[in-house]
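Participant:
There are 2 protein chains.
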Amino acid sequence: MYAEHVKDSKEDGRLERGRRSREAILEKAVSLASVDGLDGLTLGRLATAAGVSKSGFFAHWRDKEQLQLDAIDWAARQWIDEIVKPAHQTPPGVRRVLALHEARLRFYEAKVLPGGCFFFVAQVEFDDRPGPVRERVAKALADWLGLVERVVREAMDLGELADDTDAAQLAYEIDALGEASITHAGLLGDIAYDRARRAVLHRLRALTTDPALLPED
Amino acid sequence: MYAEHVKDSKEDGRLERGRRSREAILEKAVSLASVDGLDGLTLGRLATAAGVSKSGFFAHWRDKEQLQLDAIDWAARQWIDEIVKPAHQTPPGVRRVLALHEARLRFYEAKVLPGGCFFFVAQVEFDDRPGPVRERVAKALADWLGLVERVVREAMDLGELADDTDAAQLAYEIDALGEASITHAGLLGDIAYDRARRAVLHRLRALTTDPALLPED
DNA sequence: CCTACCGATCGGTAGG
DNA sequence: CCTACCGATCGGTAGG
């Protein structure tokens, strides 16, 4: 770290410029891939969108697959910053379960990414294609489901959800109801987001020991 | 019709051969598109898979978009034959609602299409891309949701589902829970199909006036 | 010898 | 339906 800093100073901020360039390219890559997918994302269009030359990529990434892997990591950090962290401002328990789902739907509705969700597109592309990209996408999905499941268990431990709640099953349902809202909203209208919201709210109302913790419809 | 028949006889079955070739190509197209999408489907690979030359397509279709539109129609007929019709052997009511969902999951599990579901991939590709393909995909989704909703209303009319059931909301939830099972199963394992099955079963058990109509877990 | 790029072009393949 | 091609663009790499 120290060595890097010294070197960077001597060479007039080249490393720092490189790092910023890299982050800017990844942000564009995630944005474009949310529409066209990780394969539909071409280096030529990404270069144009990021304002660099095509060959400039190969100073940062060996090949397209390395770019795809780093884009997944960038999108995972965005997911944490934009969805997981805001939801953790809500107190633990059944309200935090709902807050996670609603933060996700707001992320979609606000069109933070033009295609709605990077991970959804990546999952559909790579669910049946072996390789390191698939493994990274699978890990991201498992991490998200694991997080939802832990927040559900927390609510059970606090006595806010019934003891016999199947946490993994509920995590699947919450994720499914959220995922489908993107394509349904895109094809049939924004009412899909309300459907996704009410589906989980009603599910939680049926499972909670204290309905007063949850909002009305 | 009569004129076509006469012409066909005269020309030694050419029209009939053309029709069969067309159907065989569409079947391959839907199969390949279920994995790589309607855009990922390239004419070169489709030609090889169907055992025809690339230029042979242009005897049947003006351009790639025409092929995509016909592939959607072919997949819609397959959906009716493989899912809707079998489910209609179950008596109307809450049991038929569940039968529709389970027929769909069996269609996925049996890998009738190698990618699982043609429509799911097409929806994700075209939900944010204007044009005639998008309109056809949107219509297919609306038709399916409309069918599920009508079967739900039928169950309400028969007194098997609560009077205050929101049929369109329930149709959204059933579709969402089914759709997500494909990517979840592909990335994390077949348990996703069981999760999708149990989610809808439990949802219907909570809404039915006669739990004896539904199976145990 | 390093980095972060540039303009130009490699061998192949896309839809038509 | 075939061979034979087109304009363009793909992922990736050359020298400077």
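Just so you know, the protein sequences line up as chains A and L, in that order.
In case it helps, this note's numbering puts the first sequence at residues 4 to 220.
In case it helps, this note's numbering puts the second sequence at residues 4 to 220.
Yeah, the Cβ is synthetic: ideal placement off N, Cα and C, and Gly gets one too.
Three-state secondary structure (DSSP) at L217 (chain A)?
Facilitator: Three-state DSSP puts L217 (chain A) in coil, outside helix and strand.
Participant: Can the beta-carbon of A52 (chain A) be found closer than 8 angstroms to that of L35 (chain A)?
Facilitator: Taking 8 angstroms as the Cβ cut-off, A52 (chain A) and L35 (chain A) qualify as a contacting pair.
Participant: Let me see if you follow: with CB-CB separation under 8 angstroms, is I185 (chain A) close to chain L or not?
Facilitator: I185 (chain A) counts as touching chain L.
Participant: Hey, how far is the Cα of A106 (chain A) from the Cα of E85 (chain A)?
Facilitator: Each residue's alpha carbon lies about 8 angstroms from the other.
Participant: Which same chain residues end up closer than 7 angstroms to L101 (chain A) when comparing Cβ atoms and leaving out the 5 residues on each side of it in sequence?
Facilitator: Once the five neighbours on either side are set aside, the close Cβ partners of L101 (chain A) are V203, L204, L207 and L217.
Participant: So, is the C-beta of R208 (chain A) closer than 8 angstroms to a C-beta in chain L?
Facilitator: Closer than 8 angstroms: no.
Participant: Looking at C-alpha atoms only, which residue of A:E157, A:A158, A:G134 and A:F122 is the closest neighbour of D146 (chain A)?
Facilitator: Out of A:E157, A:A158, A:G134 and A:F122, A:F122 has the C-alpha closest to the C-alpha of D146 (chain A).
Participant: Would you kindly check if the distance between the Cβ of L148 (chain L) and the Cβ of F174 (chain L) is under 8 angstroms?
Facilitator: Looking at the sequence itself, residue 174 (chain L) is Ala, so the reference to Phe does not match. Their beta carbons are under 8 angstroms apart, which means A174 (chain L) touches L148 (chain L) by this criterion.
Participant: Against chain A, which members of the segment 111-128 of chain L pass a CB distance test of less than 9 angstroms?
Facilitator: For the segment 111-128 of chain L, which is checked against every Cβ of chain A, the residues closer than 9 angstroms are P117, G118, G119, F123, V124, Q126, V127 and E128.
Participant: For a contact meaning CB atoms closer than 8 angstroms, what does E176 (chain L) contact in chain A?
Facilitator: Residues of chain A passing the Cβ test: L180, R198 and A202.
Participant: How big is the Cα-Cα spacing for K114 (chain L) and G118 (chain A)?
Facilitator: Cα to Cα, the separation comes out at about 28 angstroms.
Participant: Which value, in whole angstroms, describes the spacing of the CA atoms of V9 (chain L) and R25 (chain L)?
Facilitator: For V9 (chain L), the predicted model reports a pLDDT of 39, less than 50, meaning its position is unreliable; a value from the coordinates is still stated below. Taking the straight line joining both Cα atoms gives about 20 angstroms.
Participant: Can you have a look at T45 (chain A) and say buried or exposed, based on whether 16 or more other CB atoms are within 10 angstroms of its CB?
Facilitator: Exposed is the call here.
Participant: So which residues on chain A does A195 (chain L) lean against when the C-beta distance must stay under 8 angstroms?
Facilitator: Here the neighbours are Y175.
Participant: Judging by CA-CA distance, which residue of A:D197, A:P214, A:A50 and A:G47 is the nearest neighbour of G162 (chain A)?
Facilitator: Taking only the C-alpha atoms, the option nearest G162 (chain A) is A:P214.
Participant: Contact between the segment 61-78 of chain A and the segment 123-140 of chain A is defined here as three or more beta-carbon pairs at a separation below 8 angstroms; is this criterion met?
Facilitator: The segment 61-78 of chain A, when compared against the segment 123-140 of chain A, does touch it at the 8 angstroms Cβ threshold.
Participant: Under the rule that 16 or more other beta-carbon atoms within 10 Å means buried, what is Q81 (chain A), buried or exposed?
Facilitator: That one is buried.
Participant: Just checking: is the beta-carbon of L191 (chain A) within a distance shorter than 8 angstroms of some beta-carbon in chain L?
Facilitator: Taking Cβ atoms only, chain L reaches closer than 8 angstroms to L191 (chain A), which makes this a yes.
Participant: Rounded to whole angstroms, what's the CA-CA distance from D166 (chain L) to R200 (chain A)? Just pull it up for me.
Facilitator: Taking the straight line joining both Cα atoms gives about 22 angstroms.
Participant: Is any beta-carbon of chain A found at less than 8 angstroms from that of L217 (chain L)?
Facilitator: Not closer than 8 angstroms to any Cβ of chain A, the Cβ of L217 (chain L) fails to qualify, so no.
Participant: So, helix, strand or coil for T51 (chain A), using DSSP?
Facilitator: If DSSP states are grouped into helix, strand and coil, T51 (chain A) belongs with the helices.
Participant: Taking 8 angstroms as the CB-CB limit, is A74 (chain A) close to chain L?
Facilitator: No, because no Cβ of chain L sits closer than 8 angstroms to the Cβ of A74 (chain A).
Participant: Cα separation between G47 (chain L) and H63 (chain A)?
Facilitator: Distance between the alpha carbons of G47 (chain L) and H63 (chain A) is about 33 angstroms.
Participant: Assuming A50 (chain L) and G43 (chain L) form a contact by the criterion Cβ under 8 angstroms, report the distance between their Cβ atoms to the nearest whole angstrom.
Facilitator: That belief does not hold up - the Cβ atoms of A50 (chain L) and G43 (chain L) are roughly 15 angstroms apart, past 8 angstroms.
Participant: Using the Cα positions of D131 (chain L) and V38 (chain L), report the straight-line distance between them to the nearest angstrom.
Facilitator: Taking the straight line joining both Cα atoms gives about 19 angstroms.
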